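These notes are about the structure you will find just below.
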Amino acid sequence: MSTIAPTAWQTRPAPDSPQGWVERAAEVSAVLATDAAARDHAGATPHAEIRLLKDSGLVTLLGPVEHGGAGQDWPTAYRVIREVAKADGSIGQLLGYHYLWNWAARLVGTPEQWQQVEAEAARNQWFFGGAVNPRDNDVVVRDEGEHLLFSGRKTFSTGSNVSDVTVLEGVLEGTDDHVFAIVPSDSAGLTFHDDWDNIGQRLTESGSVTLDEVRVPWAAAAGYVDKKFRPRVYNTLNVPTIQLVFAHFYLGIAAGALETAATYTRTKARSWLHGGHERAVDEPYVIDTYGDLTGKIWAAEALADRVAEEGQRLHDAPDEVTEQDRGEFEIRVAAVKARATEVALEVTNRIFEVTGARSTASAEGLDRFWRNVRTHTLHDPVAYKRREVGRFVLTGDLPEPTWYS
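Residues in the sequence shown are numbered consecutively from -16, following our numbering.
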(Lines of atoms letter the chains of each structure in order from A and count residues from 1; the text may use other names and numbers.)
(Lines give C-alpha, C1' and ligand atoms only; values in the text may rest on other atoms or scores of the structure.)
Protein backbone atom coordinates (compact mmCIF):
# COMPACT_ATOMS: atom_id res chain seq x y z
CA MET A 1 0.00 0.00 0.00
CA SER A 2 1.03 3.63 -0.32
CA THR A 3 2.36 4.98 2.96
CA ILE A 4 3.42 8.23 4.56
CA ALA A 5 6.78 7.97 6.32
CA PRO A 6 6.45 8.22 10.12
CA THR A 7 8.43 11.46 10.15
CA ALA A 8 5.67 13.15 8.15
CA TRP A 9 3.61 13.21 11.37
CA GLN A 10 6.38 13.03 13.94
CA THR A 11 7.86 16.33 12.76
CA ARG A 12 4.52 18.08 13.18
CA PRO A 13 2.83 18.83 16.50
CA ALA A 14 0.07 16.45 17.50
CA PRO A 15 -3.45 17.83 17.09
CA ASP A 16 -4.70 19.61 20.19
CA SER A 17 -8.44 19.59 19.52
CA PRO A 18 -11.16 17.12 18.51
CA GLN A 19 -11.40 18.72 15.06
CA GLY A 20 -7.64 18.46 14.68
CA TRP A 21 -7.80 14.72 15.29
CA VAL A 22 -10.65 14.31 12.80
CA GLU A 23 -8.50 16.15 10.26
CA ARG A 24 -5.60 13.81 11.08
CA ALA A 25 -7.96 10.89 10.45
CA ALA A 26 -8.87 12.44 7.08
CA GLU A 27 -5.17 12.46 6.18
CA VAL A 28 -4.95 8.77 7.06
CA SER A 29 -8.08 8.13 5.04
CA ALA A 30 -6.56 9.85 2.01
CA VAL A 31 -3.56 7.52 2.19
CA LEU A 32 -5.78 4.46 2.48
CA ALA A 33 -7.94 5.60 -0.43
CA THR A 34 -5.07 5.61 -2.93
CA ASP A 35 -5.11 1.82 -3.29
CA ALA A 36 -8.16 0.70 -1.30
CA ALA A 37 -9.68 -1.33 -4.13
CA ALA A 38 -6.41 -3.13 -4.86
CA ARG A 39 -5.83 -3.95 -1.21
CA ASP A 40 -9.39 -5.22 -0.87
CA HIS A 41 -8.83 -7.48 -3.86
CA ALA A 42 -5.51 -8.78 -2.52
CA GLY A 43 -6.90 -9.45 0.95
CA ALA A 44 -3.43 -9.42 2.54
CA THR A 45 -2.88 -9.09 6.27
CA PRO A 46 -2.98 -5.31 6.94
CA HIS A 47 0.34 -4.87 8.75
CA ALA A 48 1.15 -1.64 6.89
CA GLU A 49 -2.30 -0.25 7.55
CA ILE A 50 -1.99 -0.80 11.30
CA ARG A 51 1.47 0.79 11.19
CA LEU A 52 -0.19 3.80 9.57
CA LEU A 53 -2.70 4.04 12.42
CA LYS A 54 0.12 3.90 14.95
CA ASP A 55 2.37 6.41 13.19
CA SER A 56 -0.48 8.89 12.86
CA GLY A 57 -1.31 8.68 16.56
CA LEU A 58 -4.86 7.42 16.01
CA VAL A 59 -4.21 4.21 17.96
CA THR A 60 -3.68 6.15 21.21
CA LEU A 61 -6.52 8.63 20.65
CA LEU A 62 -8.34 7.64 23.86
CA GLY A 63 -5.15 7.09 25.88
CA PRO A 64 -4.11 9.26 28.84
CA VAL A 65 -2.07 12.31 27.89
CA GLU A 66 0.47 11.72 30.65
CA HIS A 67 1.44 8.43 29.03
CA GLY A 68 1.55 9.63 25.42
CA GLY A 69 -2.12 9.37 24.48
CA ALA A 70 -4.29 12.08 22.98
CA GLY A 71 -6.80 12.15 25.84
CA GLN A 72 -9.78 12.49 23.51
CA ASP A 73 -13.37 11.42 24.16
CA TRP A 74 -15.71 8.91 22.56
CA PRO A 75 -17.57 11.40 20.31
CA THR A 76 -14.22 12.27 18.73
CA ALA A 77 -13.29 8.60 18.45
CA TYR A 78 -16.54 7.85 16.62
CA ARG A 79 -15.91 10.65 14.12
CA VAL A 80 -12.36 9.37 13.57
CA ILE A 81 -13.69 5.86 12.91
CA ARG A 82 -16.17 7.28 10.42
CA GLU A 83 -13.45 9.22 8.63
CA VAL A 84 -11.14 6.21 8.28
CA ALA A 85 -13.99 3.96 7.16
CA LYS A 86 -14.72 6.29 4.25
CA ALA A 87 -11.63 4.94 2.53
CA ASP A 88 -11.47 1.44 3.98
CA GLY A 89 -14.28 -0.18 5.91
CA SER A 90 -12.03 -2.96 7.19
CA ILE A 91 -9.55 -0.56 8.75
CA GLY A 92 -12.38 1.54 10.16
CA GLN A 93 -13.77 -1.58 11.84
CA LEU A 94 -10.37 -2.61 13.17
CA LEU A 95 -9.82 0.85 14.64
CA GLY A 96 -13.29 0.92 16.20
CA TYR A 97 -12.88 -2.52 17.76
CA HIS A 98 -9.45 -1.47 19.01
CA TYR A 99 -10.96 1.53 20.79
CA LEU A 100 -13.60 -0.66 22.43
CA TRP A 101 -11.15 -3.32 23.61
CA ASN A 102 -8.71 -0.68 24.82
CA TRP A 103 -11.61 0.80 26.82
CA ALA A 104 -12.79 -2.62 28.03
CA ALA A 105 -10.44 -2.52 31.00
CA ARG A 106 -12.17 0.68 32.15
CA LEU A 107 -15.62 -0.79 31.51
CA VAL A 108 -15.02 -4.03 33.40
CA GLY A 109 -11.83 -3.73 35.43
CA THR A 110 -10.92 -2.22 38.76
CA PRO A 111 -9.38 1.27 38.81
CA GLU A 112 -5.94 -0.24 39.41
CA GLN A 113 -6.35 -2.59 36.46
CA TRP A 114 -7.58 -0.08 33.90
CA GLN A 115 -5.09 2.57 34.90
CA GLN A 116 -2.24 0.12 34.37
CA VAL A 117 -3.63 -1.17 31.07
CA GLU A 118 -4.28 2.29 29.64
CA ALA A 119 -0.83 3.53 30.65
CA GLU A 120 0.94 0.53 29.09
CA ALA A 121 -1.24 0.68 25.97
CA ALA A 122 -0.50 4.36 25.38
CA ARG A 123 3.23 4.08 26.08
CA ASN A 124 3.68 1.04 23.84
CA GLN A 125 1.07 1.87 21.16
CA TRP A 126 -0.65 -1.45 21.69
CA PHE A 127 -3.13 -2.45 19.04
CA PHE A 128 -5.97 -4.53 20.52
CA GLY A 129 -7.72 -7.57 19.11
CA GLY A 130 -10.56 -9.46 20.72
CA ALA A 131 -11.26 -13.19 20.98
CA VAL A 132 -14.77 -12.48 22.21
CA ASN A 133 -17.75 -13.98 20.41
CA PRO A 134 -20.98 -14.35 22.38
CA ARG A 135 -22.34 -17.01 20.02
CA ASP A 136 -19.53 -19.33 21.18
CA ASN A 137 -19.71 -20.64 24.74
CA ASP A 138 -17.01 -23.27 24.61
CA VAL A 139 -14.11 -21.38 26.20
CA VAL A 140 -13.67 -22.71 29.72
CA VAL A 141 -11.58 -20.92 32.33
CA ARG A 142 -10.02 -23.17 34.96
CA ASP A 143 -8.83 -21.91 38.33
CA GLU A 144 -5.26 -23.05 38.96
CA GLY A 145 -4.52 -21.27 42.20
CA GLU A 146 -2.63 -18.08 41.32
CA HIS A 147 -3.49 -18.42 37.63
CA LEU A 148 -6.35 -19.08 35.25
CA LEU A 149 -6.16 -21.34 32.20
CA PHE A 150 -8.31 -20.43 29.16
CA SER A 151 -9.11 -23.33 26.83
CA GLY A 152 -11.49 -23.63 23.88
CA ARG A 153 -12.22 -22.04 20.54
CA LYS A 154 -13.81 -18.86 19.23
CA THR A 155 -15.22 -18.61 15.72
CA PHE A 156 -14.13 -15.00 15.31
CA SER A 157 -11.17 -13.04 16.67
CA THR A 158 -11.14 -9.68 14.92
CA GLY A 159 -7.73 -8.09 14.52
CA SER A 160 -5.96 -11.29 15.52
CA ASN A 161 -2.89 -11.34 13.28
CA VAL A 162 -2.19 -7.61 13.57
CA SER A 163 -2.76 -7.16 17.30
CA ASP A 164 -0.23 -6.66 20.07
CA VAL A 165 -2.63 -7.79 22.77
CA THR A 166 -5.86 -9.76 22.70
CA VAL A 167 -8.90 -9.63 24.96
CA LEU A 168 -9.93 -13.13 26.03
CA GLU A 169 -13.33 -14.14 27.39
CA GLY A 170 -14.58 -17.39 28.88
CA VAL A 171 -16.72 -18.90 31.63
CA LEU A 172 -15.17 -19.90 34.94
CA GLU A 173 -15.45 -23.65 35.25
CA GLY A 174 -18.35 -24.79 37.42
CA THR A 175 -19.98 -21.34 37.43
CA ASP A 176 -21.86 -18.92 35.19
CA ASP A 177 -19.25 -16.21 35.76
CA HIS A 178 -17.57 -14.69 32.71
CA VAL A 179 -13.94 -13.69 32.86
CA PHE A 180 -12.22 -11.10 30.66
CA ALA A 181 -8.46 -10.76 30.49
CA ILE A 182 -5.93 -9.01 28.25
CA VAL A 183 -2.92 -11.07 27.14
CA PRO A 184 -0.06 -10.63 24.66
CA SER A 185 -1.18 -11.88 21.26
CA ASP A 186 1.89 -14.11 21.07
CA SER A 187 1.02 -15.89 24.33
CA ALA A 188 1.71 -19.61 24.49
CA GLY A 189 -1.39 -21.62 23.66
CA LEU A 190 -3.04 -18.84 21.64
CA THR A 191 -3.33 -19.82 17.98
CA PHE A 192 -4.97 -17.61 15.37
CA HIS A 193 -6.26 -19.36 12.26
CA ASP A 194 -6.12 -17.66 8.89
CA ASP A 195 -9.63 -18.74 7.90
CA TRP A 196 -11.49 -15.44 7.42
CA ASP A 197 -12.71 -15.61 3.80
CA ASN A 198 -15.92 -13.59 3.52
CA ILE A 199 -17.28 -11.36 0.79
CA GLY A 200 -16.67 -8.16 2.73
CA GLN A 201 -14.51 -6.63 5.46
CA ARG A 202 -11.74 -8.77 4.02
CA LEU A 203 -8.89 -7.09 5.88
CA THR A 204 -10.29 -7.37 9.41
CA GLU A 205 -8.40 -10.57 10.26
CA SER A 206 -11.57 -11.94 11.82
CA GLY A 207 -10.67 -15.62 11.65
CA SER A 208 -11.07 -18.19 14.38
CA VAL A 209 -8.79 -18.73 17.36
CA THR A 210 -7.89 -21.72 19.51
CA LEU A 211 -7.00 -21.36 23.18
CA ASP A 212 -4.97 -24.21 24.65
CA GLU A 213 -4.47 -23.52 28.34
CA VAL A 214 -3.56 -19.89 27.86
CA ARG A 215 -2.16 -18.89 31.24
CA VAL A 216 -3.39 -15.67 32.87
CA PRO A 217 -2.66 -14.39 36.39
CA TRP A 218 -5.75 -13.97 38.55
CA ALA A 219 -4.66 -10.37 39.00
CA ALA A 220 -5.37 -9.82 35.29
CA ALA A 221 -8.99 -11.05 35.51
CA ALA A 222 -10.85 -7.82 34.83
CA GLY A 223 -13.04 -6.65 37.69
CA TYR A 224 -12.15 -9.51 40.03
CA VAL A 225 -10.89 -8.91 43.55
CA ASP A 226 -9.98 -11.95 45.67
CA LYS A 227 -11.50 -14.11 42.92
CA LYS A 228 -14.86 -12.37 43.19
CA PHE A 229 -16.28 -10.12 40.48
CA ARG A 230 -17.36 -6.64 41.54
CA PRO A 231 -20.27 -5.68 39.25
CA ARG A 232 -21.34 -2.17 38.27
CA VAL A 233 -24.06 -1.04 35.89
CA TYR A 234 -21.27 0.62 33.89
CA ASN A 235 -19.96 -2.87 33.05
CA THR A 236 -22.94 -3.33 30.75
CA LEU A 237 -22.15 -0.27 28.65
CA ASN A 238 -19.86 -2.37 26.45
CA VAL A 239 -22.71 -3.39 24.14
CA PRO A 240 -24.16 0.06 23.32
CA THR A 241 -20.61 1.41 23.01
CA ILE A 242 -19.57 -1.17 20.39
CA GLN A 243 -22.95 -0.99 18.63
CA LEU A 244 -22.37 2.73 18.18
CA VAL A 245 -18.94 1.89 16.75
CA PHE A 246 -20.76 -0.28 14.19
CA ALA A 247 -23.14 2.52 13.23
CA HIS A 248 -20.33 5.00 12.70
CA PHE A 249 -18.23 2.83 10.43
CA TYR A 250 -21.36 1.90 8.45
CA LEU A 251 -21.99 5.60 7.89
CA GLY A 252 -18.32 6.13 7.06
CA ILE A 253 -18.49 3.43 4.41
CA ALA A 254 -21.68 4.97 3.01
CA ALA A 255 -20.13 8.44 2.84
CA GLY A 256 -17.01 7.03 1.18
CA ALA A 257 -19.16 5.20 -1.36
CA LEU A 258 -21.06 8.36 -2.23
CA GLU A 259 -17.89 10.45 -2.53
CA THR A 260 -16.23 7.84 -4.74
CA ALA A 261 -19.34 7.54 -6.89
CA ALA A 262 -19.60 11.32 -7.26
CA THR A 263 -16.03 11.49 -8.50
CA TYR A 264 -16.80 8.76 -11.01
CA THR A 265 -19.97 10.54 -12.14
CA ARG A 266 -18.10 13.80 -12.65
CA THR A 267 -15.13 12.30 -14.48
CA LYS A 268 -16.18 9.05 -16.15
CA ALA A 269 -19.94 8.56 -16.30
CA ARG A 270 -21.72 9.16 -19.61
CA SER A 271 -25.11 10.75 -19.92
CA TRP A 272 -27.98 8.65 -21.23
CA LEU A 273 -28.09 8.89 -25.00
CA HIS A 274 -31.84 9.59 -24.98
CA GLY A 275 -31.82 11.96 -22.01
CA GLY A 276 -31.05 15.18 -23.85
CA HIS A 277 -28.04 16.11 -21.72
CA GLU A 278 -24.38 16.12 -22.69
CA ARG A 279 -23.05 15.48 -19.20
CA ALA A 280 -24.08 12.90 -16.60
CA VAL A 281 -23.95 15.58 -13.90
CA ASP A 282 -26.79 17.42 -15.65
CA GLU A 283 -29.17 14.45 -15.69
CA PRO A 284 -32.14 15.34 -13.42
CA TYR A 285 -32.42 11.81 -12.00
CA VAL A 286 -28.70 11.79 -11.20
CA ILE A 287 -28.92 15.12 -9.40
CA ASP A 288 -32.00 13.96 -7.50
CA THR A 289 -30.37 10.71 -6.41
CA TYR A 290 -27.26 12.40 -5.07
CA GLY A 291 -29.40 14.92 -3.22
CA ASP A 292 -31.56 12.18 -1.73
CA LEU A 293 -28.67 10.00 -0.58
CA THR A 294 -26.66 12.92 0.77
CA GLY A 295 -29.58 14.09 2.89
CA LYS A 296 -30.05 10.62 4.32
CA ILE A 297 -26.37 10.32 5.26
CA TRP A 298 -26.32 13.78 6.86
CA ALA A 299 -29.42 13.04 8.90
CA ALA A 300 -28.06 9.70 10.13
CA GLU A 301 -24.70 11.25 10.99
CA ALA A 302 -26.41 14.00 12.98
CA LEU A 303 -28.36 11.43 15.00
CA ALA A 304 -25.23 9.33 15.53
CA ASP A 305 -23.26 12.35 16.75
CA ARG A 306 -26.05 13.39 19.11
CA VAL A 307 -26.26 9.93 20.68
CA ALA A 308 -22.47 9.79 20.99
CA GLU A 309 -22.62 12.96 23.09
CA GLU A 310 -25.34 11.40 25.26
CA GLY A 311 -23.12 8.37 25.82
CA GLN A 312 -20.14 10.50 26.76
CA ARG A 313 -22.06 11.85 29.74
CA LEU A 314 -22.29 8.28 31.04
CA HIS A 315 -18.60 7.65 30.42
CA ASP A 316 -17.79 10.83 32.34
CA ALA A 317 -19.52 9.56 35.50
CA PRO A 318 -19.27 5.75 35.36
CA ASP A 319 -20.09 5.13 39.02
CA GLU A 320 -23.31 7.11 38.71
CA VAL A 321 -24.78 5.20 35.76
CA THR A 322 -28.16 3.71 36.66
CA GLU A 323 -30.04 0.90 34.98
CA GLN A 324 -32.47 3.52 33.63
CA ASP A 325 -29.59 5.57 32.19
CA ARG A 326 -28.09 2.53 30.59
CA GLY A 327 -31.39 1.28 29.17
CA GLU A 328 -32.36 4.62 27.65
CA PHE A 329 -28.91 4.95 26.07
CA GLU A 330 -29.21 1.46 24.57
CA ILE A 331 -32.58 2.45 23.06
CA ARG A 332 -31.03 5.50 21.43
CA VAL A 333 -28.11 3.44 20.13
CA ALA A 334 -30.52 0.83 18.75
CA ALA A 335 -32.29 3.55 16.77
CA VAL A 336 -28.97 4.81 15.38
CA LYS A 337 -27.86 1.28 14.50
CA ALA A 338 -31.10 0.56 12.64
CA ARG A 339 -31.02 3.85 10.71
CA ALA A 340 -27.32 3.58 9.87
CA THR A 341 -27.80 0.04 8.58
CA GLU A 342 -30.67 1.04 6.31
CA VAL A 343 -28.95 4.16 4.99
CA ALA A 344 -25.62 2.44 4.37
CA LEU A 345 -27.21 -0.46 2.51
CA GLU A 346 -29.29 1.90 0.38
CA VAL A 347 -26.41 4.22 -0.49
CA THR A 348 -23.92 1.48 -1.34
CA ASN A 349 -26.50 -0.18 -3.58
CA ARG A 350 -27.95 2.87 -5.32
CA ILE A 351 -24.63 4.47 -6.30
CA PHE A 352 -24.61 2.19 -9.32
CA GLU A 353 -27.77 3.87 -10.61
CA VAL A 354 -25.81 7.10 -11.04
CA THR A 355 -22.48 5.68 -12.20
CA GLY A 356 -23.65 3.33 -14.92
CA ALA A 357 -22.74 -0.07 -16.30
CA ARG A 358 -19.03 0.60 -16.77
CA SER A 359 -18.66 1.40 -13.06
CA THR A 360 -19.15 -2.27 -12.25
CA ALA A 361 -15.66 -3.05 -13.56
CA SER A 362 -13.59 -4.82 -10.94
CA ALA A 363 -10.85 -2.23 -11.28
CA GLU A 364 -13.20 0.49 -10.01
CA GLY A 365 -13.90 -1.42 -6.81
CA LEU A 366 -17.24 0.25 -6.16
CA ASP A 367 -18.71 -3.09 -5.09
CA ARG A 368 -16.50 -3.21 -1.99
CA PHE A 369 -18.61 -0.61 -0.22
CA TRP A 370 -21.78 -2.70 -0.46
CA ARG A 371 -19.94 -5.95 0.32
CA ASN A 372 -18.44 -4.42 3.44
CA VAL A 373 -21.73 -3.04 4.75
CA ARG A 374 -23.69 -6.16 3.85
CA THR A 375 -21.19 -8.42 5.60
CA HIS A 376 -21.01 -6.61 8.91
CA THR A 377 -24.66 -5.53 9.20
CA LEU A 378 -25.48 -9.23 9.55
CA HIS A 379 -23.65 -9.19 12.90
CA ASP A 380 -27.05 -9.16 14.60
CA PRO A 381 -30.56 -8.80 13.12
CA VAL A 382 -31.48 -5.14 12.81
CA ALA A 383 -35.14 -6.05 13.33
CA TYR A 384 -34.32 -6.69 16.99
CA LYS A 385 -32.91 -3.17 17.27
CA ARG A 386 -36.15 -1.75 15.94
CA ARG A 387 -38.04 -3.97 18.38
CA GLU A 388 -36.14 -2.46 21.30
CA VAL A 389 -37.16 1.00 20.20
CA GLY A 390 -40.76 0.04 19.47
CA ARG A 391 -41.30 -1.66 22.80
CA PHE A 392 -39.90 1.33 24.64
CA VAL A 393 -42.19 3.72 22.78
CA LEU A 394 -45.29 1.58 23.36
CA THR A 395 -44.72 0.19 26.85
CA GLY A 396 -41.72 1.98 28.34
CA ASP A 397 -39.87 -1.34 28.63
CA LEU A 398 -36.09 -1.10 28.65
CA PRO A 399 -34.01 -3.86 27.04
CA GLU A 400 -32.36 -6.28 29.43
CA PRO A 401 -28.57 -6.12 29.11
CA THR A 402 -27.35 -9.01 26.99
CA TRP A 403 -24.43 -9.57 24.63
CA TYR A 404 -26.49 -7.84 21.91
CA SER A 405 -28.67 -5.31 23.73
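Ideal placement from N, C-alpha and C gives every residue a C-beta, glycine not left out. Every value quoted in this text rests on a predicted model; they were computed, and no experiment measured them.
Mapping the DSSP letters down to three states, classify LYS211 as helix, strand or coil. strand
Taking the alpha-carbon positions, what's the LEU349 to ALA203 distance? 44 Å
Mind reading off the beta-carbon distance from TRP4 to PRO(-2)? Whole number of angstroms is fine, and I expect it under 8 Å. 5 Å
Nearest to GLY72 by CA position, among ARG118, ARG341, ALA327 and PHE335, is which residue? ALA327
Below 8 Å on the Cβ atoms is my contact criterion, and I expect LEU35 with LEU78 to pass it. Report the Cβ-Cβ distance as a whole number of Å. Actually they are not in contact, since the Cβ atoms of LEU35 and LEU78 sit about 10 Å apart, beyond 8 Å.
Are the stretch 302 to 314 and the stretch 330 to 349 touching by the rule of at least three beta carbon pairs closer than 8 Å? no
DSSP-derived helix/strand/coil call for GLY112: strand
Suppose you measure from the CA of GLN226 to the CA of LYS320; what does that come to, to the nearest Å? 7 Å
Give me the Cα-Cα distance between VAL14 and ASN144, rounded to the nearest whole angstrom. 22 Å
Selected residue, minimal CA-CA separation from SER146, among TRP179, VAL122, ASP180 and PHE111: PHE111
Member of GLU95, GLY157 and ARG118 whose CA lies at the smallest distance from the CA of ARG125: GLY157
I need the boundaries of the alpha helix (DSSP H) containing ALA88, first residue and last residue. 72 to 91
Are the CB atoms of PHE133 and LEU151 within a distance shorter than 8 Å? yes
Range of the contiguous alpha helix (DSSP H) that encloses LYS368: 365 to 378
Which residue wins for smallest C-alpha separation from GLY294, given the options PRO223, THR360, TRP386 and ALA20? PRO223
Under the DSSP definition of a beta bridge, which residues are partnered with VAL124? PHE133 and LEU155
Count the other C-beta atoms from every protein chain shown that fall within 10 angstroms of the C-beta of LEU44, then say buried if there are 16 or more, exposed otherwise. buried
Based on the DSSP secondary-structure assignment, which residues constitute the bridge partners of HIS161? VAL154
By DSSP, does GLU292 sit in helix, in strand, or in coil? helix
Taking the alpha-carbon positions, what's the GLY310 to THR343 distance? 43 Å
Rounded to the nearest angstrom, what separates GLY52 and ILE182 at their Cα positions? 35 Å
Residue closest to ALA104, alpha-carbon to alpha-carbon, out of GLY235, THR174, VAL148 and THR193: VAL148
Per DSSP, what are the beta-bridge partners of THR149 in this structure? GLY112 and VAL166
Would ALA245 pass as a contact of ALA287 if the rule is Cβ separation under 8 Å? no
On the DSSP bridge list, what partners appear for VAL264? DSSP, once it has assigned bridges, lists no residue as partnering VAL264.
Cβ neighbours of GLU66 in the same chain (closer than 7 Å, five flanking residues each side left out): VAL5, ALA8, ALA9, SER12 and GLY235
Which residues DSSP lists as bridging ARG198, in chain order: LEU132
Could you round the C-beta distance between VAL199 and LEU131 to whole angstroms and report it? I think they count as a contact, below 8 Å. 5 Å
If you count every other CB in all the chains shown that lies within 10 Å of the CB of PRO94, and 16 or more means buried, which is it? exposed
Restricting to Cα atoms, I'd like to know which of GLY274, PRO167 and GLU371 is closest to GLU383. GLU371
Is the beta carbon of VAL192 closer than 8 Å to that of ALA282? no
Spatial neighbours of SER388 in its chain, beta-carbon cut-off 8 Å, leaving aside the 5 residues before and after: VAL222, GLU313, ALA317, TYR367, GLU371 and PRO382
Which residues in the same chain as ALA238 place their Cβ atom closer than 6 Å to its Cβ, once the five residues preceding and following it in sequence are excluded? LYS69 and ILE280
8 Å Cβ cutoff met for ILE64 and LEU186: no
Residue from GLN184, LEU297 and ALA285 whose Cα sits closest to the Cα of TYR217: LEU297
Please look up how many angstroms separate the CB atoms of THR28 and GLU188, rounded, as I've assumed it's under 8 Å. 6 Å
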